[in-house]
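Under full-length UniProt numbering, read the sequence shown as residues 1 to 112, first letter to last. All C-beta atoms, glycine included, are put in the ideal place defined by N, C-alpha and C. Worksheet: the structure to be examined is printed underneath.
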Amino acid sequence: MTTIAWDDFMKVELRVGRIIQAEPFPEARKPAYKLLLDFGPEVGQRKSSAQITGLYTPDSLLGKLVVAVVNFPPKQIGSFMSECLVTGFHNEQGDVALCVPDQSVPLGTRLL
1 MTTIAWDDFM KVELRVGRII QAEPFPEARK PAYKLLLDFG PEVGQRKSSA
51 QITGLYTPDS LLGKLVVAVV NFPPKQIGSF MSECLVTGFH NEQGDVALCV
101 PDQSVPLGTR LL
């Protein structure tokens, strides 16, 4: 494991967003969803592609609070421009479980 300085960690904008739209992304190389997230008034809405089809359906994602990196540059994924990175952890089967706050917090709240 590489040790980083506090200043390095502070460069990463990990914020809470709410999934407001989720739909299949059939053009993706690996199974994925197209997500639209609301990060509140400071950050606004951002799009993301997420390979989370193993544990979630589009309907189960609506309204879910998630933690995402919002200060990466946009990334073209096929015909879709991803504007943030939704975070998660691989389980024993290789499926991604989303990183979520266990209590309600305001949209856009930064992880510290």
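Give me, in chain order, the residues of the same chain whose beta-carbon lies closer than 8 Å to that of residue i; leave out the 5 immediate sequence neighbours on both sides.
i    : result
P74  : M81, S82, E83
V100 : K64, L65, V66, V67
Q45  : I20, L36, L37, D38, F39
Closest by CA to residue i, which one among the options?
i           : options           : result
F28         : S48, L62, G88     : The identity of residue 28 in the sequence shown is Ala, whereas the question assumes Phe. Comparing Cα positions, the closest option is S48.
residue 118 : F72, Q51, I77     : Since the displayed the chain opens at 1 and closes at 112, residue 118 lies outside it and no answer follows.
S104        : F9, D8, G17       : G17
A50         : I4, T3, P101, H90 : H90
M61         : W6, Q21, F9       : A small correction: the amino acid at residue 61 is Leu; Met does not occupy that position in the sequence shown. When each option's Cα is compared against that of L61, the closest is Q21.
T57         : M1, I4, F25, D8   : F25
Expressed to the nearest angstrom, what Euclidean distance is found between the alpha-carbon atoms of residue i and residue j?
i    : j    : result
P106 : D38  : 11 Å
T53  : V86  : 13 Å
A68  : E92  : 22 Å
R15  : E42  : 11 Å
E23  : L112 : 30 Å
P31  : S79  : 15 Å
K34  : D102 : 24 Å
W6   : V70  : 18 Å
T2   : F9   : 12 Å
Considering only residues of the same chain and omitting the five flanking positions on each side of residue i, which have a CB-CB separation below 6 Å?
i    : result
L98  : V66, G88
K64  : I19
T109 : V16
For the beta strand (DSSP E) that contains residue i, what are its first and last residues?
i   : result
L61 : Where L61 is concerned, there is no enclosing beta strand (DSSP E), although the alpha helix (DSSP H) it sits in stretches over 58-61.
Going by the beta-carbon positions, is the gap between residue i and residue j smaller than 8 Å?
i   : j   : result
D95 : L55 : yes
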